[in-house]
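First to last, the sequence lines map onto chains E and U. Every position in the first sequence, counted from 1, becomes a number in our numbering once 28 is added. Every position in the second sequence, counted from 1, becomes a number in our numbering once 27 is added. Glycine is no exception: its CB is placed at the ideal position from the N, C-alpha and C atoms. This structure is a prediction, so every number in the text was calculated from the model and none was measured. The next block holds one structure in the form of structure tokens; read it before the comments.
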Amino acid sequence: MSDVRVNLPQGTLDLLILRALALQPMHGWSISERIHEVSHATLQIPQGSLYPALHRLERRGWIKAEWGTSDNNRKAKYYNLTRAGRKQLEAGASAWGKLSRAVALVLDMS
Amino acid sequence: MISELWSDIRYRVRALLRRNAVESELDEELRFHIERETGKHEAAGVPRDEAVRLARVAFGGVERAKDESRDARGTQLLESAMQDLRYSIRTLRAKPGFTLGVVLTLGLGIGANAAMFGIVDRLLFRPPPFLRDAGRVHRLYFAWTDHGTTRLERGTSFARFVDLQAGTSAFDTIAAFQVRRVAIGTGDRSREVDVDVTSAGLFRLFDAPPVLGRYFTDDDDRAPEGAQVAVLSYPFWQAEYGGRADVLGERLQVGNMTATVIGIMPEGFAGLDPRFMPAVHVPLTAYSFSQRGAAYTSMYHWSWIELVARRKADVPADRATADLSAAFERIWAADTDNVGPRASAIARPHALLGPVQLERGPQASRETQVVNWVGGVSLIVLLMACANVTNLLLSSAVRRRREVALRLALGVSRGRLIRQLLTDTLVLAILGGAAGLAIAQWGGVVLRQLLLRDDPGAVITDGRTLLWAALAIAATALVTGLIPVWQAAATDVAPVLGNAREGHAPPSKLRGFLLVFQATLSVVLLVGAGLFVRSLQHVHAMRLGYDVDRVVFVEARQRGLKLTRDEQLALDRRMLDEAVSIPSVTHGSPAASIPFWSNEGRLLRVSGVDDTERLGRFLLQAGSADYFATVGTRIIRGRGIVAADRAGTQRIAVVSEGMAWALWPGRDPIGECFRIGPGDAPCTIVVGVAEEMRIRSLTGDREYTYYIPITQYGEPVLSLFLRVAGDPADAVDGVRRRLQPLMPGGWYVTAQPLRGLIDPMFKSWEFGATMFLAFGGLALALAAIGLYSVIAYNVAQRRQEIGVRIALGATQADIARLVVGGGMRLVIVGILSGGAIAVWAGGAIEPLLFRQSATDPFVLGSVGVLLLGVALCATALPALSAARVDPQLALRAE
């Protein structure tokens, strides 16, 4: 575990959420847990900012919300990736890939 | 992209409509998150309290997350607007008296406007329904110079209509039309309706396919005989035939024509004149032929139709006018009647194109001018209503200063506060507008029946009126909200909150100004009301030269069967004999000229005067020896007509005072000779002088009457005046029943009180007086209420000060004087400025008055006194309450 925590660049939170939901429908808390775990605790999102992002994505039709029952038998709101959301994820991921490679190239210049 | 937009809209609509569900879902979702986070820490062995704290910290501000989620929904602005709305409605419901007062005040203002707009729009702006290319359709006017004055006519003859069609090239259609009262049907079912006599071309101007059958075409409308066909209006078809589809082919008696029904007009079609709703349309040629035979085609003097024309699309209006003028001048020059002073070099005939709306053209009626004034007045009333509401809002705003300051201190933005205040006034204005439309619906029907004869229709379903009302509502909300908003925006938080007392509201200079404004407008409107009422009094008091309220006018209308001149003369005699044998009829006489109905003028020649027409218009009246006793016209000098004046005896005449003065100034007219008609007409000797008789116009000068014996007149008139004992309205039915059996063939008798012919002449003054009085009264009431509320409010504000004054020895009278004086000063300023405006604007309204100066000191003085009296009453109540202030209580309340 590293102590280095990185703040998210603007606009990448949406991409992370979409990526997390690409595996399976999830509720808000497990999305934040998943991102936290998968990034080896490097990425720390303020949990409160997750929800406005979820509502924004839902409004755009990239994810869909449904009420379901959680593993501890409580009512929870599950988010699903829609087809439009999947397309958006692909486009966003490839754009991010190009961006990060380009940034890495520039930074490695010596 | 589209699907994204669609999802967006769906999402926002749900967020908006199911706001509560969405909110509670958000709550639930966030609670779940924090519980899970807490559970995670607890599972790691953290105690419960600490676990909750850690979860909260990790989450951040819950309210902020909620707010941002709401923002993410994209409905924030709308939601806050709805919140404002709910808040407004709650506040207004908490003050039902205030709300009701404001809504009624605005309702009257907006209602008055909507009702007047409906009429002004109909008369001036809206083109006739279904008219195509209204901008290119013109009414045609013809002008020429006659004895130095310009005459302007829109009536013309069939012969000239044909010549103009042949002689112009600027128009794709010239159509002729005229609405006439014509008897339709036969037997018991016969009655008079408005019949539109038109050339076939008229239908080409409209985009109105018949609902059934067809319209008449140029083939049906071919001179001279035409085809006896009729097109029915939709309401007539519904009322008379129950909307039966097999009505086509049926026969309908229309005047002298037996017409075949060939089509039905669409619903709402009213022709070219909004004052009429013709029941039947018949071809011009067929109708003319039924009236005058084939000779009508060359009767240039039978001037009874009006023309309307559509310019070709590529011809500008000035070229079309020149084209029409040239054609008119050629016709004028070719007409052999037009010699001497009527030669075209002197008469300079020319034509004008006017708008298709008659009342916007050069011959707008006096009624329309009055309507325009009243329309302006209704705007003033709305303005006054707004001033009152602003006043009420200001006093409630002063009470809300602390609330406003508190909200500002709590961080509510000023923008939000202003939105809230405007929402208040908008809600009030919309409620007022709803009340106003209800008032307009009722008032509009009354007004239109007063002014227009068309289908009154509904105000609340008329798009243009609704649009106008919506504009009025929006303007009202802005105008009434403006000042309170400005005051709220300028609210300084600290002093208001820091000071426990509210007594330090700034002295209401603004409200004083509003009061002066209201008093000014009230004075202007009431002066207008006074002027119209006085005009109406003058008109009613004016002696027309006959007894309007004792006389019945009887007319035999010919239809079908033609009678020779001698047969008609015999019918005249039989009618008179039968009529005077009715017990309630005291006197009777035939009459050749009927006031405001028909009149006859003939060329007069007097030795020593080369052109009598230059001196005035001389109208002929013919009657029996009983004529003067029948109508009540007074003989001033000499004698009247006697039974001995017969066909073979010396021709005699009684002339009016004005005629005597015009033809023989300074001389005794009795014994003078004048000749009636051209050529070698014999001398007619003046035997008496009588009162002037108003026949053509109430205001018209240089119109004179002479009276000759009916026996020497020699032509059938088919008209009778009967003097009855009692009310003429009660006598008409009996007269009609007694005379109808004398009628040959399809002929029929009409009988009506003479008053019925005169009253329409008074319409503009009646309308002006009624509307100015109604609006002036409304304005006065608004001003009084405004004054009362301001003074009462001030008294409440100054209770302590008044208490101190009383404690220091002021008497009750002193206090009352103080309060009343404050209000009266404002009102007196208003009276002076209103009087000044009324005098200044008087010149513009004077032509619409009747023998009434616009700066009548009596009217101005009465209005001033009235306003002072009302103001005194409005201030007296608060003054009394001020005088009763108990100094101990007032001071202790500190």
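Below 8 Å CB to CB, which residues in the same chain sit around A123/E once its five sequence neighbours on both sides are set aside?
Locating residue 123/E in the first sequence gives position 95, where the first residue counts as 1. Beyond the five residues adjoining it in sequence on each side, A123/E comes within less than 8 Å, by CB distance, of no other residue in the same chain.
Would you verify that the beta carbon of Y79/E is, or is not, closer than 8 Å to some beta carbon of chain U?
By 1-based counting over the first sequence, the position of residue 79/E is 51. Yes, Y79/E counts as interfacial toward chain U.
Taking Cβ-Cβ distances shorter than 9 Å, what residues in chain E pair up with D35/U?
The count along the second sequence starts at 1 and reaches residue 35/U at position 8. Result: R87, R88, G89.
At least one CB of chain U closer than 8 Å to the CB of P74/E: is that the case?
By 1-based counting over the first sequence, the position of residue 74/E is 46. Chain U, which has a Cβ nearer than 8 Å to the Cβ of P74/E, makes this yes.
Tell me which residue opens and which closes the beta strand (DSSP E) that M284/U is part of.
Taking the first residue of the second sequence as 1, we reach residue 284/U at position 257. Counting along the chain, the beta strand (DSSP E) containing M284/U begins and ends at 284-291.
Helix, strand or coil for D481/U? Go by DSSP, reduced to three states.
For this step, residue 481/U is matched to residue 454 along the second sequence. For D481/U, the pLDDT reaches just 48, beneath the cut-off of 50, and the residue's location in the model is therefore unreliable, leaving the point undetermined.
Contact residues within the stretch 95-115 of chain U, judged by C-beta distance below 9 Å to chain E:
If the cut-off is 9 Å between Cβ atoms, the stretch 95-115 of chain U has E95, S96, R97, D98, A99, R100, G101 near chain E.
Test item: CB-CB of P617/U and I735/U under 8 Å
Within the second sequence, residue 617/U is the residue found at index 590, counting from 1. Within the second sequence, residue 735/U is the residue found at index 708, counting from 1. In this structure, P617/U keeps its C-beta atom at 8 Å or more from the C-beta atom of I735/U.
Closest by C-alpha distance to P262/U, when choosing among L275/U, F296/U, A670/U, G253/U
Position 235 of the second sequence, counted from the start, is the residue given in the question as residue 262/U. Looking at the Cα atoms, F296/U is the closest of the given residues.
If you draw a straight line from the C-alpha of R97/U to the C-alpha of E56/U, how long is it?
For this step, residue 97/U is matched to residue 70 along the second sequence. For this step, residue 56/U is matched to residue 29 along the second sequence. Going from the Cα of R97/U to the Cα of E56/U covers about 14 Å.
Of the choices M770/U, A910/U, F794/U, A266/U, whose alpha-carbon is the least far from that of A837/U?
Residue 837/U sits at position 810 when you count from the first residue of the second sequence. Measuring from the Cα of A837/U, the nearest candidate turns out to be A910/U.
Compare the C-beta of A48/E against all C-beta atoms of chain U and say whether one is closer than 8 Å.
By 1-based counting over the first sequence, the position of residue 48/E is 20. By this cut-off, A48/E is not an interface position.
Helix or strand or just coil, what does DSSP make of D350/U?
Counting from 1 along the second sequence, the entry for residue 350/U is found at position 323. If DSSP states are grouped into helix, strand and coil, D350/U belongs with the helices.
So G88/U contacts chain E; which residues on that side make the cut at Cβ distance below 7 Å?
As a position in the second sequence, residue 88/U is number 61, starting the count at 1. Residues of chain E passing the Cβ test: G76.
Proximal residues to G557/U (C-beta, below 7 Å), its chain only, five neighbours per side dropped:
The residue you call residue 557/U lines up with position 530 of the second sequence. Result list for G557/U: V886, S889, V890, in chain order.
Using a C-beta to C-beta distance shorter than 9 Å, which residues of chain U count as neighbours of A69/E?
Taking the first residue of the first sequence as 1, we reach residue 69/E at position 41. By Cβ distance, chain U contributes nothing, its closest Cβ being about 13 Å from A69/E, past 9 Å.
Taking the C-alpha atoms as reference points, what is the distance between L916/U and A906/U?
Taking the second sequence and counting its residues from 1, one reaches residue 916/U at position 889. Taking the second sequence and counting its residues from 1, one reaches residue 906/U at position 879. Whole-angstrom Cα-Cα distance: 18 Å.
Helix, strand or coil for R723/U per DSSP?
Here residue 723/U is taken as the residue at index 696 of the second sequence, counted from 1. It is coil, neither helix nor strand.
If you scan the stretch 655-718 of chain U from start to end, which runs of the alpha helix (DSSP H) of 4 or more residues do you find wholly inside it?
Counting only runs of at least 4 residues, the stretch 655-718 of chain U fully encloses the following alpha helix (DSSP H) elements, listed from N- to C-terminal order: 684-690.
So if I threshold CB-CB distances at 9 Å, which residues from the stretch 44-76 of chain U count as touching chain E?
Residues passing the 9 Å Cβ filter: E52, L53, E55, E56, L57, F59, H60, I61, E62, R63, E64, G66, K67.
By DSSP, does G76/E sit in helix, in strand, or in coil?
Position 48 of the first sequence, counted from the start, is the residue given in the question as residue 76/E. DSSP places G76/E in helix when its eight states are reduced to three.
Would you call the stretch 104-112 of chain U and the stretch 376-392 of chain U in contact, with 3 or more CB pairs under 8 Å?
No: the two stretches stay apart, fewer than three of their Cβ pairs being nearer than 8 Å.
What are the residues that DSSP puts in a beta bridge with N399/U?
Residue 399/U sits at position 372 when you count from the first residue of the second sequence. The partner list for N399/U (beta bridge, DSSP) is empty, contrary to what the question assumes.
Terminal residues of the beta strand (DSSP E) in which D76/U lies
Numbered from 1 along the second sequence, position 49 holds the residue referred to as residue 76/U. Taken as a continuous stretch (DSSP letters only), D76/U belongs to no beta strand (DSSP E), being part of the alpha helix (DSSP H) at 75-86.
Since A85/U meets chain E, which of its residues come closer than 7 Å, beta carbon to beta carbon?
By 1-based counting over the second sequence, the position of residue 85/U is 58. In chain order: Q75.
Hey, quick one: how far does the alpha helix (DSSP H) through G830/U stretch, first residue to last?
If you number the second sequence from 1, residue 830/U lands on position 803. Where G830/U is concerned, the enclosing alpha helix (DSSP H) stretches over 826-834.
Can you say whether Q280/U is buried or exposed, counting buried as having 16 or more other CB atoms within 10 angstroms of its CB?
Reading the second sequence from its first residue, position 253 is the one you call residue 280/U. A residue is called buried when at least 16 other Cβ atoms come within 10 angstroms of its Cβ; Q280/U meets this threshold and is buried.
Does the distance from the CB of F27/U to the CB of E333/U come in under 8 Å?
The first residue shown for chain U is 28 and the last is 921, placing residue 27/U beyond what the model contains.
Exposed unless 16 or more other CB atoms sit within 10 angstroms - verdict on G530/U
Here residue 530/U is taken as the residue at index 503 of the second sequence, counted from 1. Any reading at G530/U must be qualified, since the residue scores a pLDDT of 44, below 50, and its modelled position is unreliable; the value itself is stated next. Label assigned to G530/U: exposed.
Three or more C-beta pairs under 8 Å: does that hold for the stretch 783-799 of chain U against the stretch 612-626 of chain U?
Yes, the stretch 783-799 of chain U touches the stretch 612-626 of chain U.
How would you write the range of the alpha helix (DSSP H) that K126/E sits in, first residue to last?
As a first step, residue 126/E is located in the first sequence; it is residue number 98 there, counting from the start. K126/E -> alpha helix (DSSP H) spans 111-136.
Amino acids of chain E, ordered along the chain, whose beta-carbon sits closer than 7 Å to that of D91/U:
In the second sequence, the residue the question calls residue 91/U occupies position 64. What sits at residue 91/U in the sequence shown is Arg, not Asp. Within chain E, the residues near R91/U are G76.
I'd like the list of long-range same chain contacts for P780/U, defined as Cβ closer than 7 Å, with 5 residues on each side in sequence excluded.
As a first step, residue 780/U is located in the second sequence; it is residue number 753 there, counting from the start. Excluding positions up to five away in sequence, the list reads V579, P755, A756, V759.
Along chain U, which residues have their Cβ under 7 Å away from the Cβ of R102/E?
Indexing the first sequence from 1 puts residue 102/E at position 74. Under the 7 Å cutoff, chain U gives F59.
Leaving out the 5 sequence neighbours to the left and right, which residues in its chain are closer than 7 Å to V846/U when beta-carbon positions are compared?
Taking the second sequence and counting its residues from 1, one reaches residue 846/U at position 819. Here V846/U has I818, V822, T902, P905, A906, A909 as same chain residues with Cβ atoms under 7 Å from its own Cβ, once five neighbours each way along the sequence are excluded.
Counting only Cβ pairs nearer than 7 Å, list the residues of chain U close to W124/E.
In the first sequence, counting from the first residue as 1, residue 124/E sits at position 96. At a C-beta separation below 7 Å, W124/E has no neighbours in chain U, since its nearest C-beta there lies roughly 20 Å away.
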